[in-house]
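Right, dumping it as structure tokens:
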């Protein structure tokens, strides 16, 4: 496994299908700040709370020139339902191949009740307008996280 991405590293490029059809790539956010957050699964309690928190601050992120994008291994169809159900205003990327999850180092071995399995480590990357990683939050705890990312994005 490659070394974990850190502040100052170039953000790995990607091009993935998104909810509502089409695709998005890192190049689509050139000269913009990007909040790229990885989450395990649509419509689960923690992932829903995180999406709602980011959505609630979407206007404030937009005001400082920052886009928000969520990514998980769920298929586009699941993202469409999730986005509609919670009226999310930002795109969700479907990484069924785990390509971007692995490139960003968030597809990891996890353990629950002694059982090991592969899954998404809830992680957020703040990427500067220069395409470099400005800040990384690993093993995110949802309460207060979106506000913390917004505060960091304001300083960028």
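In the numbering used here, the protein residues as written are 23 to 178.
Idealized CB from N, CA, C, for every residue including glycine.
Cα separation between residue 112 and residue 120? 21 Å
Quick one: grab the DSSP three-state call for residue 48. helix
Residues sharing a beta bridge with residue 131, DSSP: 140
Is DSSP giving residue 166 helix, strand or coil here? coil
Start-to-end residues for the beta strand (DSSP E) that takes in residue 156: 155-159
Any idea what DSSP makes of residue 119, helix, strand or coil? coil
Host alpha helix (DSSP H) of residue 149 (start-end): It is not in any alpha helix (DSSP H) - residue 149 instead sits in the beta strand (DSSP E) that spans 145-149.
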